[in-house]
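**Q** The sequence shown maps to residues 1 to 177 in the numbering used here.
Here a beta-carbon is modelled for each residue, glycine too, at the ideal position from N, C-alpha and C.
Below is a structure I'd like to ask you about.
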Amino acid sequence: MKKSRNIILALFTALALLMTMSVSVFAGAISSNDAALKTALKNAKLKKSKVKHIEVDYDNDDGKAVYEVEFTKKSNGKEYSYEITADTGTIVKKSIEYRYKKNSSHKKIGKKAARKKVAKFSGISYKIISKGTCTYEYDDRKGTYDVKFTNGDRVYDCEVLAPTGKIIEYEWKVNGY
Numbered sequence: 001m002k003k004s005r006n007i008i009l010a011l012f013t014a015l016a017l018l019m020t021m022s023v024s025v026f027a028g029a030i031s032s033n034d035a036a037l038k039t040a041l042k043n044a045k046l047k048k049s050k051v052k053h054i055e056v057d058y059d060n061d062d063g064k065a066v067y068e069v070e071f072t073k074k075s076n077g078k079e080y081s082y083e084i085t086a087d088t089g090t091i092v093k094k095s096i097e098y099r100y101k102k103n104s105s106h107k108k109i110g111k112k113a114a115r116k117k118v119a120k121f122s123g124i125s126y127k128i129i130s131k132g133t134c135t136y137e138y139d140d141r142k143g144t145y146d147v148k149f150t151n152g153d154r155v156y157d158c159e160v161l162a163p164t165g166k167i168i169e170y171e172w173k174v175n176g177y
């Protein structure tokens, strides 16, 4: 009797240990479109009721399983786009596109001012941003600065309206994704 009780106790202990290990190994994985959407909305500091045009896709074409989440904020038309890894739930790409009024002005704030606007907007030091590139483009009746830089393992790409300094697109992604 004592021997069978010890065997049962050992089995329960092994089962409990196995369950604990599996929870810690799979704790960060995302297993559904809803979980990916929840992660993106939390990052954007928005509730589902405040957004429209929600799209969530699962992509595993290049061997990297990711959820692609896109939605638009109702109040201002800001478009959000995320890529979130399925295995860890980590955001590896984030893009925000802002609405703007077309402006045919050729006025420019300058590259230094554009970089300073990106620094203030992103919270990243101007010194880091100034090591990247800043190019002026005039297309579709708008002049913009395209500011690109790297900070840690992230690559940033920002579009700034040349006449006003307003950020109209902000994107970062983890290098390699």
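For my contact list, Y98 and A40 are in at a C-beta cut-off of 8 Å; report their separation, rounded to the angstrom.
**A** On the sequence shown, residue 98 is found 98 positions in, with the first residue counted as 1. On the sequence shown, residue 40 is found 40 positions in, with the first residue counted as 1. Actually they are not in contact, since the Cβ atoms of Y98 and A40 sit about 17 Å apart, beyond 8 Å.
**Q** Please state whether the Cβ-Cβ distance between F149 and G132 is less than 8 Å.
**A** Residue numbering aside, residue 149 sits at position 149 when the sequence shown is read from its first letter. Residue numbering aside, residue 132 sits at position 132 when the sequence shown is read from its first letter. Cβ atoms of F149 and G132: closer than 8 Å.
**Q** Which residues in the same chain have their Cβ closer than 6 Å to the Cβ of K52, if we skip the five residues on either side of it in sequence?
**A** Position 52 of the sequence shown, counting from 1, holds the residue named residue 52. Within the same chain, and ignoring the five residues on either side of K52 in sequence, the residues whose Cβ sits closer than 6 Å to its Cβ are T72, K74.
**Q** Between G77, I167, N33, which lies nearest to D210 when the distance is taken from Cα to Cα?
**A** Missing from the structure shown is residue 210; the chain here goes from 1 to 177 and no further.
**Q** State yes or no: is the beta carbon of S81 nearer than 8 Å to at least one beta carbon in chain D?
**A** The structure shown contains no chain D; it is built from a single protein chain.
**Q** How is the alpha helix (DSSP H) around T39 delimited, first residue to last?
**A** In the sequence shown, the residue the question calls residue 39 occupies position 39. Start and end: 33 to 44.
**Q** With distance defined between alpha-carbon atoms, name the residue in K166, D87, G63, S31 nearest to K116.
**A** Position 116 of the sequence shown, counted from the start, is the residue given in the question as residue 116. Minimum Cα distance to K116 is reached at K166.
**Q** Between G77, K78, E70, which has its C-alpha nearest I84's C-alpha?
**A** As a first step, residue 84 is located in the sequence shown; it is residue number 84 there, counting from the start. Among G77, K78, E70, the Cα nearest to that of I84 is on E70.
**Q** Taking only runs that begin and end inside the segment 43 to 99, name each unbroken beta strand (DSSP E) of 3 or more residues, in chain order.
**A** 51 to 59, 66 to 73, 79 to 85, 91 to 97
**Q** Note down, in chain order, each residue of its chain lying with its Cβ closer than 7 Å to the Cβ of S130, except the 5 sequence neighbours on either side.
**A** Here residue 130 refers to the residue found at position 130 of the sequence shown. The residues are R115.
**Q** Can you name, in chain order, every residue of its own chain whose Cβ lies under 8 Å from the Cβ of A29, other than the five neighbours on each side?
**A** Taking the sequence shown and counting its residues from 1, one reaches residue 29 at position 29. Result list for A29: A86, D87, T88, G89, in chain order.
**Q** Relative to the C-alpha of Y136, which candidate in N151, A119, P163 has its C-alpha closest?
**A** If you number the sequence shown from 1, residue 136 lands on position 136. The option with the nearest alpha carbon to Y136 is P163.
**Q** Is the separation between the beta-carbon of V92 and that of V155 shorter than 8 Å?
**A** As a working mapping, residue 92 is identified with position 92 in the sequence shown. As a working mapping, residue 155 is identified with position 155 in the sequence shown. With a cutoff of 8 Å on beta-carbon distance, V92 and V155 are scored as not near each other.
**Q** If you follow the beta strand (DSSP E) that I168 is part of, which residue opens it and which one closes it?
**A** On the sequence shown, residue 168 is found 168 positions in, with the first residue counted as 1. That run of the beta strand (DSSP E) goes 167 to 174.
**Q** Spatial neighbours of D157 within its chain, please: CB distance less than 6 Å, with the 5 preceding and 5 following residues excluded, ordered by chain position.
**A** Counted from its first residue, the sequence shown places residue 157 at position 157. Closer than 6 Å at the Cβ level, and outside the excluded window around D157, lie K148, E171.
**Q** Answer yes or no: the CB of Y58 versus the heavy atoms of the ligand HEM, is any distance below 7 Å?
**A** The model depicted lacks the ligand HEM and carries no ligand whatsoever.
**Q** So who's on the other strand from K148, going by DSSP bridges?
**A** Here residue 148 refers to the residue found at position 148 when the sequence shown is read from its first residue. T133, D157, per the DSSP bridge assignment.
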